[in-house]
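Q: Numbering (the working numbering), first residue to last: 13 to 685. Cβ atoms here follow ideal geometry from the backbone N, Cα and C, with glycine treated the same way.
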């Protein structure tokens with residue numbers, strides 16, 4: 013089957029042009045329709061038979077955004093679009109009939125080829141030695157040609173001449189050197205030759221066969237050319253014998269001969285295969301069928317989730333109008349946005365303190381105009397009033413570390429929450445002591461809206477459940493703000509809606525169980541909540557954004573590391589112009605950021621377009637907002653290559669823009685309440 017794009021925008025179709033042997037086309041179509049009706053295969057919107065005299069053509073149209081490879085794999089598994097024919101692999105092994113698998117068949121064939129090549133080599137070696145033995149005798153005679161001729165002339169008969177040739181020891185001449193190069197004195201010695209013949213005490217004693225060959229030698233063989241040819245033939249036989257001995261004595265050389273002969277057969281007789289050899293589809297997982305690519309994952313406030321290719325958005329100059337992320341329902345807006353790989357694992361944390369697992373490729377793919385799919389359809393165990401408040405991305409390496417760590421033996425049932433003690437302490441800033449870690453990382457660090465933080469080993473989340481797991485114990489009115497992966501040595505930053513931020517080392521927070529409550533990370537005034545959790549990195553900057561569309565970058569070095577539990581220092585001036593702080597994230601200067609409004613407008617712009625200023629400043633305009641529109645969040649996108657940049661309003665001074673050099677605040681940069 014092939015996958016083609018249809019004339020209908022955004023839709024694909026599976027085109028079936030051939031079916032397996034003995035499969036009835038009509039019954040196959042009926043089976044597919046039955047599976048679609050029973051909802052065992054989803055994503056198919058239309059099924060029709062367009063076969064004609066030119067050939068078979070079954071068209072299976074898919075819903076917009078459906079992954080055609082996944083649907084096709086389901087068709088292969090649940091219908092006769094893919095059939096298996098068994099073969100009877102009975103063979104004689106050592107004279108006994110056995111049923112062999114493919115590997116055993118190959119092993120038996122290789123053993124057979126070893127035996128055949130070995131026996132053939134032994135036969136060729138015997139014949140080569142017999143021939144070389146005769147040539148060896150002739151070579152000795154040529155080296156002693158004058159004494160040999162005199163001996164034959166003086167003999168009254170051939171029998172007496174043969175006897176005299178056998179009795180006398182002859183100088184070996186060049187024969188000795190050639191034998192040494194071929195592997196020794198016995199290189200060309202035939203099996204069964206008596207010990208009295210051959211080289212002995214630096215003399216060569218002819219065998220009866222050699223003596224007879226000398227007597228049968230014609231006089232024309234004594235010419236110079238014939239003598240050279242005889243020596244050359246003898247030398248070639250010695251080289252052949254040396255190669256045959258190498259094959260018999262070296263298993264690797266034996267396998268080389270087998271490979272060379274098989275390759276020769278392939279080159280002479282091979283033609284194009286009638287059938288294609290591919291990996292079994294049963295060996296494919298869902299992940300194997302999904303191309304690895306970077307996507308933008310969005311989840312709206314109304315609970316609609318989707319993913320979009322990262323190149324859907326073009327970078328804009330600061331102050332651009334932006335593009336919509338989707339046709340959201342009235343009063344709905346994008347609440348969560350992150351960049352992930354299609355093979356990544358998403359941990360989705362809810363306002364009830366539970367966590368669910370979801371693979372990125374399980375999300376529906378849609379364009380900017382689509383709303384996506386309700387998250388409750390992807391997570392059936394999600395409660396009616398339960399909402400996703402934080403999403404954590406795990407790449408393949410993080411998942412490997414997670415599984416390698418195992419999971420501690422803790423109560424997993426929801427009703428176990430009543431046995432968990434409230435671990436929130438009342439320590440004030442500077443009094444929390446560092447705790448030595450006894451649990452290996454990595455960790456999941458969590459922060460709640462009320463300023464509570466908790467550190468839990470990632471291994472505690474190694475066993476996904478469709479019903480979800482408790483991630484943190486929350487109190488009424490409290491929700492989870494964000495989570496982050498840490499290794500145990502990093503600092504932690506919490507940023508509050510009132511523009512305050514606190515930075516402390518995570519060793520101030522001991523490792524807790526998955527069901528624990530946590531400890532205080534920042535002291536908040538009444539009505540103020542935490543909006544961001546950040547893990548600072550070297551050379552990083554904190555980008556803050558307010559609800560009226562203003563923002564700035566501030567070096568991390570401007571934020572001092574202190575104890576946890578304090579009120580924090582000023583991160584951004586909060587006033588009527590800026591409004592409350594709605595987002596804070598860490599940047600490094602070369603990334604892009606995405607700004608989201610509560611009306612679904614999204615602007616993607618480079619971080620280097622945002623001015624850098626100190627903590628106690630108001631920032632510059634990041635996004636133009638319509639009346640009644642407010643910025644509700646921001647997300648960071650890693651540095652991308654090949655992104656087309658859309659020009660903004662060059663040269664225009666944006667209304668109300670404040671430069672970093674002119675902060676409108678009387679507060680000191682080091683001020684802390």
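1. For residue 225, collect the residues of the same chain with a Cβ closer than 7 Å to its Cβ; drop the 5 residues on either side in sequence, then sort them by chain order.
2. On the DSSP letters alone, give me the boundaries of the alpha helix (DSSP H) that residue 100 sits inside.
3. May I ask you to report which of helix, strand or coil DSSP gives residue 423?
4. Buried or exposed for residue 572, going by 16 or more other Cβ atoms inside 10 Å?
5. Considering only residues of the same chain and omitting the five flanking positions on each side of residue 591, which have a CB-CB separation below 6 Å?
6. Compute the Euclidean distance between the alpha carbons of residue 583 and residue 359, then round it to the nearest angstrom.
7. Quick check on residue 366: does DSSP put it in helix, strand or coil?
8. Give me the residue from 221, 138, 207 with the minimum Cα distance to residue 695.
9. Kindly indicate which three-state DSSP category residue 553 falls into: helix, strand or coil?
10. Hey, would you say residue 153 sits closer than 8 Å to residue 250, going by beta carbons?
11. Return the chain-ordered list of same chain residues with a C-beta closer than 8 Å to the C-beta of residue 406, the five sequence neighbours on each side being excluded.
12. Identify, in the order they occur along the chain, each residue of the same chain with its Cβ nearer than 7 Å to the Cβ of residue 80, setting aside the five sequence neighbours on each side.
13. Taking the C-alpha atoms as reference points, what is the distance between residue 69 and residue 38?
14. Can you give me the C-alpha to C-alpha distance between residue 612 and residue 40, rounded to a whole angstrom?
15. If we require 3 or more residues per run, which beta strand (DSSP E) segments fall completely within the region 513 to 551?
16. Let's see if you can read the secondary structure: which residues bound the beta strand (DSSP E) around residue 400?
17. Based on the DSSP secondary-structure assignment, which residues constitute the bridge partners of residue 559?
18. Just the Cα atoms here: how many angstroms apart are residue 630 and residue 77?
19. Can you give me the C-alpha to C-alpha distance between residue 53 and residue 31, rounded to a whole angstrom?
20. Given this structure, state the Cα-to-Cα distance separating residue 205 from residue 266, to the nearest angstrom.
21. In three-state DSSP terms, what is residue 39?
22. Using the Cβ count rule (16 or more neighbours within 10 Å means buried), how would you classify residue 662?
23. I'd like the ranges of any alpha helix (DSSP H) spanning at least 4 consecutive residues and lying wholly in the region 66 to 154.
24. When DSSP labels each residue in this structure, what does residue 190 get in the three-state scheme?
25. Exposed or buried, residue 373, counting other C-beta atoms within 10 Å across all chains shown (16 or more means buried)?
26. My parser needs the beta strand (DSSP E) runs of 3 or more residues fully inside the region 167 to 250; what are they?
27. Could you pull out every residue in the same chain whose Cβ sits closer than 7 Å to the Cβ of residue 543, ignoring the five residues on either side in sequence?
28. Does the distance from the C-beta atom of residue 532 to that of residue 576 stay below 8 Å?
29. Let me know the secondary structure DSSP gives residue 158 once reduced to three states.
30. Compare the C-alpha of residue 260 against each of 463, 110, 134 and name the closest.
31. Between which two residues does the alpha helix (DSSP H) carrying residue 271 extend?
32. For residue 374, does the three-state DSSP call read helix, strand or coil?
33. Going by Cα to Cα distance, which pick from 452, 580, 202 is closest to residue 139?
34. Looking only at its own chain, which residues have a Cβ that is under 7 Å from the Cβ of residue 365, when we skip the five neighbours before and after it?
35. Since residue 498 sits in a beta bridge, which residues does DSSP pair it with?
36. Could you tell me the alpha carbon to alpha carbon distance between residue 44 and residue 363, rounded to whole angstroms?
A: The short version:
1. 146, 149, 150
2. Note, residue 100: premise wrong, no alpha helix (DSSP H); not H, not E.
3. Any reading at residue 423 needs caution, since the residue's pLDDT is 38, under 50, leaving its predicted position unreliable; the model's value is listed next. Looking at residue 423 - three-state DSSP - the assignment turns out to be coil, as it is neither helix nor strand.
4. exposed
5. 558, 559, 560
6. 29 Å
7. strand
8. An answer regarding residue 695 cannot be provided, because it is not within the stretch 13 to 685 covered by the chain.
9. strand
10. no
11. 356, 357, 358, 359, 414, 497
12. 15, 24, 26, 74
13. 12 Å
14. 45 Å
15. 542 to 546
16. 400 to 406
17. Per DSSP, none; premise fails for residue 559.
18. 42 Å
19. 19 Å
20. 27 Å
21. helix
22. Residue confidence is low: residue 662 scores 38 on pLDDT, short of 50, so the model does not pin down where it sits. Its coordinate-derived value is still stated next. Exposed.
23. 80 to 90
24. helix
25. buried
26. 210 to 212, 215 to 217
27. 493, 507, 508, 509, 593, 594, 595, 596
28. yes
29. helix
30. 134
31. 263 to 281
32. helix
33. 202
34. 482, 483, 484, 485, 486, 492
35. 455
36. 41 Å
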